[in-house]
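*Asks:*
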Amino acid sequence: MRIGEQEPGRSENKASVEKVLDDNRDQEAEKTLDVPEVAKKESSDIAAKQEEIIEAAAKEFENIKSKYGPDPEITAKYGEKIESLATSSRKIVTGALKKIRKIAIGYSMLVATAGSAEGNTSFENKAENPQTGARIEESQREIKQQTELEKAGIELVDRAKGGSMEAKAYKDGMDDLEESVFFDDHERYAVCLDSEKKEKVLMGVGNKDFINVSYDSMGITEALKDKTKKIEIVHSHPISGHEHYQYLEGMPKDHRLRRAFKEGRLDRPLLPPSPTDFIGLIKNLNNFGEDSDRIENRVVDPSGEWTLRIDKDSSFVRGYSEYLKYASQYSNPDFLRREVGLSDDQVRILKKKNIYGVHPEKWMKNLKSDPETSEIASKIEEKLNSRYSELLNSEDLDNFERIFSLKIYNYKREDGNGDETKRLIEEYIETAKKIGINIEYNPKEK
Amino acid sequence: MDKKIQEEEAEEINRISLECKEKLAEIKDEQEKILSDFILEIEKDKIDELRDKLD
């Protein structure tokens, strides 16, 4: 009997689904292309549908109860089943609403970033259109909140991925790296231990905003011993790392927007080497001396490729090299006790906090924000600052600080390969050159 | 703004919405089935009685 009873259920089920499809076909003609409007309409449609279904079931359940006055045990059993379905429907609707909202937010950000056809939705012009401005600000807030919520999970993934490494054929590895700037939210890197032969590369994954290449485990230290060998270290700057394109973070790897940037249908932003990348070169110099000349460093970003070389004789490179040697001692307990004057307890706290697993620019910020280490941070900072000023001249420091503030780092590239892009690239290259960092830029073809 | 992107985004929202509505329709069917089972179980004794009489 039970089996026989399933049949009407199944056909009714099919009928309901068919009805949904028919309804949707009816609505096809009325469809609008205004993404926020579509999102609003569909969100309210599915929320209303869910409410209707739950209410109808609850009402019918109450009717049956009052009509038949059933046994409480049976009532509880079926009540639970109905409630469980209501919970499932809530999950389904919540999931769909989240997805829709993410698309709508992403789209609003995209419009704001790329500039609309009317040209009145860019960030600069948002004051002219308060409604758009408010929407953009709301979207940014929501993205920030969402990012905060997802952060913990993402960071766990980062750490889990951190140790992975794989070997690939040179071209495949470099192609993967180039693709990853559009489809991955992590920085990735490729190391080729023989750049004359270019046979294979070792690939690794970093965090969202920095990589930590282990020179020993990647075989770089060993390879450098052979004076005939040249090494390439290339790393990526993913598009979602750009201030204006953070909304791409967490979007599926094959998402349409990611593909649109890859295919050049949307202007690809610039994510040039950061000051931290410059410092990485100076660290290489400290670690390998003259041998570091045989390491070619490149950064792949959505717009193209940047090659970096340092001028060992520049005053900034020499001064910063000395400063790094000095600063590297902050992980040495004896140095911290002797030079900074930390107590044994304070040294123990620093060790326990594992402050070195974050972006180098952030470690001091993290130390300062933690009440347990804020006092230690002040002491270390005071010492480091004083040494910094001794070793680096004010002109170099001004130029170095200027690089941090260059518009190129948050440039939206509304004019494609236009004059403003060229000007910013020139300004960036010239400023870096003044402090002994020579940069070559090879833009990607459209 | 690339019109194709606008279309794709709108289509994706519609696809998600349709998928959600289909799932909700299935839930509705499931709920109806539970409610009819509920009545059947309440009336089980009467049904059995009728069946006995028919037998």
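Residue numbers (this note's numbering), protein chains in the order written: chain B, 1 to 446; chain C, 447 to 501.
Built from N, CA and C at the ideal position, the CB exists for glycine as well.
Residues of chain B with a CB under 8 Å from the CB of E458/C: which are they?
*Replies:* Residues of chain B with a Cβ closer than 8 Å to the Cβ of E458/C are, in chain order, I103, R256.
*Asks:* Relative to chain C, which residues along the segment 70 to 86 of chain B have a C-beta separation below 7 Å, given in chain order?
*Replies:* P70, I74, Y78, K81, I82, L85
*Asks:* Quick check on the DSSP output: the alpha helix (DSSP H) that includes M251/B runs from which residue to which?
*Replies:* M251/B -> no alpha helix (DSSP H), and no H or E assigned at all.
*Asks:* Among all the DSSP beta bridges, which residues are the ones paired with I295/B?
*Replies:* I231/B
*Asks:* Could you check if K353/B belongs to the surroundings of the ligand HEM, using beta carbon to heavy atom distance under 8 Å?
*Replies:* This structure does not include the ligand HEM; it has no bound ligands of any sort.
*Asks:* Quick check on this structure: which residue in F316/B, T373/B, A327/B has the alpha carbon closest to the alpha carbon of D398/B?
*Replies:* Comparing Cα-Cα distances from D398/B to each of F316/B, T373/B, A327/B, the minimum goes to F316/B.
*Asks:* With DSSP as the reference, label E395/B as helix, strand or coil.
*Replies:* helix
*Asks:* Can you look up P443/B in the DSSP assignment and give me helix, strand or coil?
*Replies:* strand
*Asks:* Report the neighbours of Q50/B on chain C: residues whose CB is nearer than 7 Å to its CB, in chain order.
*Replies:* L470
*Asks:* Where does the unbroken beta strand (DSSP E) through I211/B begin, and where does it stop?
*Replies:* Unbroken run through I211/B: none, as it is neither H nor E.
*Asks:* Kindly indicate the opening and closing residues of the beta strand (DSSP E) around Y189/B.
*Replies:* 188 to 192
*Asks:* Relative to the C-alpha of L266/B, which residue among R258/B, A48/B, P272/B is closest?
*Replies:* R258/B
*Asks:* Check the C-beta distance from F278/B over to R268/B and give it rounded, since I have them as a contact under 8 Å.
*Replies:* Not really, about 23 Å apart at Cβ, beyond 8 Å.
*Asks:* Rounded to whole angstroms, how far is the Cβ of V300/B from the Cβ of V234/B, which I believe are closer than 8 Å?
*Replies:* Between V234/B and V300/B the Cβ distance is about 6 Å, and since that is below 8 Å, they are a contact.
*Asks:* At what residues does the alpha helix (DSSP H) containing T276/B begin and finish?
*Replies:* 275 to 288
*Asks:* According to DSSP, simplified to helix, strand and coil, what is G301/B?
*Replies:* Correcting the residue type first, residue 301/B is Asp in the shown sequence and not Gly. Three-state result, D301/B: strand.
*Asks:* DSSP state of R309/B, grouped into three classes?
*Replies:* strand
*Asks:* Do I451/C and R413/B have their CB atoms nearer than 9 Å?
*Replies:* no
*Asks:* Using 8 Å as the Cβ pair cut-off and three pairs as the minimum, do the segment 393 to 412 of chain B and the segment 425 to 444 of chain B touch?
*Replies:* yes
*Asks:* List the residues of chain D whose Cβ lies closer than 7 Å to the Cβ of Y320/B, in chain order.
*Replies:* In the structure shown, chain D does not exist; the protein chains are B and C.
*Asks:* Short check: CB of S236/B to CB of R188/B, under 9 Å?
*Replies:* yes
*Asks:* Can you tell me whether DSSP reads E465/C as helix, strand or coil?
*Replies:* helix
*Asks:* What residues of chain B sit near E476/C, judged by a beta carbon separation below 7 Å?
*Replies:* L85
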